[in-house]
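Trainee:
In our numbering, the protein residues as written are 9 to 270.
#1: Kindly give me the distance between the Cβ atoms of residue 50 and residue 96, rounded to whole angstroms, as I take these residues to be in contact under 8 Å.
#2: Contact between the region 114-123 and the region 175-186: three or more CB pairs below 8 Å?
#3: From the DSSP output, which residues share a beta bridge with residue 227?
#4: State the Cα-Cα distance for the pair residue 18 and residue 201, rounded to the nearest angstrom.
#5: Quick test of the definition: if touching needs 3 or more C-beta pairs under 8 Å, does the region 187-200 touch the region 241-250?
#6: For residue 203, which residues does DSSP report across the bridge?
#7: What is the C-beta distance between residue 166 and residue 26, in whole angstroms, given that I count them as a contact (C-beta under 8 Å)?
#8: Quick check on this structure: which residue in 227, 40 and 179 has the alpha carbon closest to the alpha carbon of residue 85?
#9: Among 195, 130, 122 and 104, which one has its Cα closest to the Cα of residue 238?
#10: From this set, 89, 53 and 54, which residue's C-alpha is nearest residue 29's C-alpha?
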């Protein structure tokens, strides 16, 4: 099905929210708990999966929900539909400091690959599924797990990333190395792999973990300056709740390897 054509406005600086404008009958799907406010004629409905399998029967919906469960997300999503006779608005807030990125899938060849917790909302008809990494090493040590999300369709989707955002257009064969937790999203033609940090002293005492991602073009990548895992670890450390000391600590490398954060 074709995705609904929605309008939007992103407001705020450090803690942003996106306001979606819906014509009568239009809908937007979102992660549970992300809604901030909505107009009176917006109706909420909880559904299996992402709402893109309406014509595939119960088994199609169950399969869509199961794919979301594999990425660590809820089985359910929420659909917000304009049941009024004029334009209505619904807003969704970012979960932590950072930026909301609008992704027009029609300009991205219909598919975007992103970290599993970055999806915020999308026009109804956009599919949110799973993307298996081709290389086993990427799955075990990629920081975001073996399974990443894929967002497919021909409409607008919104993803959230922490801190400041760097968008890079990689030429054919151009390669950059990125901290594994800092990768937000990439187009489907980017080659993604994991590389071991050379030098045992650098790996164990450098505070940057044992692995980093190599991204090779052509394609577009989005990189965040503040992964949520890094923010949470700093908060726990400052609160004396057992967070690890990262920089210059042997646990900065070994601890992150053991818990899958890197």
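All C-beta atoms in this analysis are idealised placements derived from N, C-alpha and C, irrespective of residue type, glycine included. Source: prediction; values computed, not measured.
Mentor: On the basis of the coordinates in this document:
#1: 5 Å
#2: no
#3: 178
#4: 33 Å
#5: no
#6: 220
#7: 5 Å
#8: 40
#9: 104
#10: 89
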